[in-house]
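Enquirer: Chains as they are written, first to last, in the numbering used here: chain A, 26 to 102; chain B, 149 to 634.
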Amino acid sequence: MGRTGYEIFVRNLDELEEDKELIKQIRDGQTYRTKYVRALFSSSSEKLPNGESLWVRSLLGPLLDEKPWRIKIISEV
Amino acid sequence: MAYRDLRQYVSALEEHGELRRVKREVDWDLEAGAIMRFVNEKSLPSPLFQKIKGYPSQCTIFGCPMNTFGKFAIAMGLNPETSRRELEDIYRQRISKRVKPIIVDKSKAPCKENIDVSDQVDLFKFPAPMLHDGDGGRYLCTWHVTITRDPDTGWVNWGMYRQMIRDKNSLVGVIRPAAHIGVQFYRKYKPRKLPMPFAIAIGTEPISSFVAACKLPMNVNEADIAGALRQEPVELVKCETADLEVPATSEIVIEGEISATEEDWEGPFGEYTGYCTNPRDKKPVYHVKAVTYRDNPILTASCMGTPVDESDIVQSISRSGQILARLQEDGIAVVAVNVAPECIGYLVVVSVMARVAQIPNLAHRVASCIWGSAVGGNIPYVIVVDDDVDVYNLHQVLHAVVTKCHPYRGISRVEFATGMAFMPFLSPYERSQRLSAKVVFDCTWPLHWDPVTDVPPRTSFDTAYPKEIRDHVLKNWKRYGFDRLY
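#1: In this structure, what does DSSP give as the bridge partners for C491(B)?
#2: In the DSSP assignment, what are the bridge partners of H596(B)?
#3: Closer than 8 Å by beta-carbon distance: list the chain A residues that pair up with R286(B), in chain order.
#4: Please classify G520(B): is it buried, with 16 or more other beta-carbons within 10 angstroms of its beta-carbon, or exposed?
#5: CB-CB under 6 Å to Y239(B), same chain, minus the five flanking residues each way: which ones, in chain order?
#6: Okay, do the stretch 254-270 of chain B and the stretch 425-432 of chain B touch, 3+ Cβ pairs below 8 Å being the bar?
#7: In chain order, what residues of the same chain lie with their CB nearer than 8 Å to the CB of A473(B), ignoring the 5 residues before and after it?
#8: For chain B, find out if any of its Cβ atoms is closer than 8 Å to the Cβ of R95(A); answer yes or no.
#9: When the distance is taken between beta carbons, is G282(B) closer than 8 Å to G86(A)?
#10: What residue from S68(A), G30(A), R63(A) and G76(A) has the CA that sits closest to R52(A)'s CA?
#11: Thinking C-alpha only, which one of I373(B), T566(B), L595(B) and W593(B) is nearest R582(B)?
#12: Can you say whether H543(B) is buried or exposed, counting buried as having 16 or more other CB atoms within 10 angstroms of its CB?
#13: Just to confirm, is the Cβ distance from A390(B) to K338(B) under 8 Å?
#14: For E616(B), which three-state DSSP category applies?
#15: Quick check on the DSSP output: the alpha helix (DSSP H) that includes W80(A) runs from which residue to which?
#16: Could you give the C-beta distance for V265(B) and N317(B), rounded to a whole number, given that I count them as a contact under 8 Å?
#17: When the distance is taken between beta carbons, is T592(B) closer than 8 Å to V533(B)?
#18: Would you call the stretch 329-349 of chain B in contact with the stretch 446-461 of chain B, where contact means no fewer than 3 C-beta pairs closer than 8 Å?
#19: Does the distance from the CB of D177(B) to the CB of M278(B) come in under 8 Å?
#20: Any idea which residues DSSP pairs W413(B) with across the strands?
#21: Runs of 3 residues minimum, wholly inside the stretch 285-372 of chain B: which ones carry the beta strand (DSSP E) assignment?
#22: By Cβ distance below 7 Å, which residues in the same chain neighbour G181(B) in space, the five residues on each side in sequence not counted?
#23: Based on DSSP bridge pairs, tell me the residues matched to E393(B).
#24: Tell me which same chain residues have a C-beta within less than 7 Å of the C-beta of I507(B), skipping the five on either side of it?
#25: What do you get for P599(B), buried or exposed, if any count of 16 or more other CB atoms within 10 angstroms of its CB means buried?
#26: Please compile the residues from chain A whose C-beta is within a distance smaller than 7 Å of the C-beta of P572(B).
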């Protein structure tokens, strides 16, 4: 019943600076297992064509964007 | 005779028509939570999910374990039709006679049928549900007993505090500083940089979990209270890796240590208020050293949200009785107290014999007494009514508010009160600092009003007709063509 890809909780979308390597905790959209990753984030699939889906939630739970962002995981931390 | 374990309680619920065995496969990811939420909101029989997607048939989830007063009555060994007032009277009578627990040998403890230690521990073995969309994780512990000990006094606290799975051998959970576990952790263990041993007992017999959720005074051993309510001692067994004892018939026991230094992201979580108010934040990590469990373990789950669910039933029964006792100790002419289950423990209605007491501003005296107590200190709304109002009938209570509470003189607000981070009406800043306010609604006729010429006579069936007319009407009710007396 979960979502394909990953999920992340952020205070607001500004926290996901695009085109910049960030270390964030994400979780699998279906198993909900978490991990810390170094990754690139983008709101557009064109900018990260090899990226995976990333659903962005507010710290209170609801989705901040109805469309998934993209994440390119560089390494696990 | 008390239920020895959860399974006997489940059977009793089934005998009373308060259980539904869900044999269809259900997904632990939101589907089980949605079913439980619907059950709570419609006060339906409790679901026993017997087939969980991705899990062997031996793993089951028992949802909504005590979401109605009828189920609480069954748990107490009483008729489910027992009235609210009678339930609270019985509750108060029983808890006055504490019954200490007994320690049983490991060989007699069903919770030791399976023992996983160290690398064998895998919390994903149990079908922890994703209860609400947007929750921070899979919450394994939502109806359970968290057991911790004060390192100096030896006092053992039982409490109910949510914990979610962090990874296969750790949990993360809320520890409020004002909660009893928080007093132990933040005042004793954390300053000394000592990890706090814990044990979490899931799927206990019903009264132990109920008591863990109650707001009881500090330094009280909840195991004694559970024994009192059961009228039999709780059977405890020593943990494998911690110097603690757990209910011997628990379905699942998790043992370990709460780190004094390590924290990780936890939440958000749809809480008992019916809202999700606390943002995801760093909370203490529970490192798990051992898990013991019965064969075919049953995971209990409480899907909190808009009332009425387990949280509301527990608050209502335990707080109403304690507040009544507190007011009586203070010599207040109190008739009845209702911590209304519809109001998530945030509103208490108190009926008083104001004219008999002849104490001006009695409503304020009542509110001060409640707010000065541990059990009522964080209840923001106090409504005081005359003794002709049934406190359990919210229609009557609302009627009293709008007819007898002066919109200006009858409402008194108190600033600078201690709040709780879960309170939705607080601003995010106020929640973070636990700043709140309180209010008392005085719904009693002013004492200086003449009862004959100033107090308006009530217009109701009971007051607007002579007794002979009322008796005549009720006696002939069916003859008038009505089917039944409603």
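Where is the CB? At the ideal position from N, CA and C, for every residue including glycine.
Expert: Looking at the coordinates:
#1: Position 343 of the second sequence holds residue 491(B). BP columns for C491(B) are empty, so no partner.
#2: Residue mapping note: residue 596(B) aligns to position 448 of the second sequence, counting from 1. Paired residue(s): none; H596(B) is not in a bridge.
#3: Residue numbering aside, residue 286(B) sits at position 138 when the second sequence is read from its first letter. Here the neighbours are Y57.
#4: Translated into the one-based positions of the second sequence, residue 520(B) becomes position 372. Exposed, by the Cβ-count rule.
#5: Position 91 of the second sequence, counting from 1, holds the residue named residue 239(B). The residues are I465 and G469.
#6: no
#7: The residue you call residue 473(B) lines up with position 325 of the second sequence. Closer than 8 Å at Cβ, skipping near neighbours: R240.
#8: Counting from 1 along the first sequence, the entry for residue 95(A) is found at position 70. With 8 Å as the cut-off, R95(A) does not count as an interface residue toward chain B.
#9: Against the first sequence, residue 86(A) aligns to sequence position 61. Against the second sequence, residue 282(B) aligns to sequence position 134. Yes; because the gap between Cβ atoms is below 8 Å, this pair is in contact.
#10: Within the first sequence, the letter at position 27 stands for residue 52(A). For R52(A), the nearest C-alpha among the options comes from G30(A).
#11: Translated into the one-based positions of the second sequence, residue 582(B) becomes position 434. Checking every option, the nearest Cα to that of R582(B) belongs to T566(B).
#12: Numbered from its first residue, the second sequence carries residue 543(B) at position 395. With fewer than 16 other Cβ atoms within 10 Å, it is exposed.
#13: In the second sequence, the residue the question calls residue 390(B) occupies position 242. In the second sequence, the residue the question calls residue 338(B) occupies position 190. In this structure, K338(B) does not lie closer than 8 Å to A390(B) by Cβ.
#14: Translated into positions along the second sequence, residue 616(B) becomes position 468. The answer is helix: DSSP assigns E616(B) an H, G or I state.
#15: To locate residue 80(A), count along the first sequence from 1; it is residue 55. Where W80(A) is concerned, there is no enclosing alpha helix (DSSP H), although the beta strand (DSSP E) it sits in stretches over E77 to S83.
#16: Position 117 of the second sequence, counted from the start, is the residue given in the question as residue 265(B). Position 169 of the second sequence, counted from the start, is the residue given in the question as residue 317(B). The Cβ separation is near 10 Å, so there is no contact.
#17: For the purposes of this step, residue 533(B) is taken as residue 385 along the second sequence, with counting starting at 1. For the purposes of this step, residue 592(B) is taken as residue 444 along the second sequence, with counting starting at 1. It is a contact, given that the beta carbons lie within the stated cut-off.
#18: no
#19: Taking the second sequence and counting its residues from 1, the one referred to as residue 177(B) is at position 29. Taking the second sequence and counting its residues from 1, the one referred to as residue 278(B) is at position 130. Against a cut-off of 8 Å, the Cβ pair of M278(B) and D177(B) comes out as a contact.
#20: On the second sequence, position 265 is the one that residue 413(B) refers to. Bridge partners of W413(B): K430(B).
#21: 287-289, 292-297, 304-307, 311-315, 318-321 and 344-350
#22: Here the question's residue 181(B) lines up with position 33 in the second sequence. Taken in chain order, the residues that qualify are P277, M278, L279, H280 and C451.
#23: The residue labelled residue 393(B) in the question sits at position 245 within the second sequence. The partner list for E393(B) (beta bridge, DSSP) reads K386(B).
#24: Here residue 507(B) is taken as the residue at index 359 of the second sequence, counted from 1. Closer than 7 Å at Cβ, skipping near neighbours: R513.
#25: Residue mapping note: residue 599(B) aligns to position 451 of the second sequence, counting from 1. Exposed is the call here.
#26: Numbered from 1 along the second sequence, position 424 holds the residue referred to as residue 572(B). Correct list: empty, because the minimum Cβ distance to chain A is about 11 Å.
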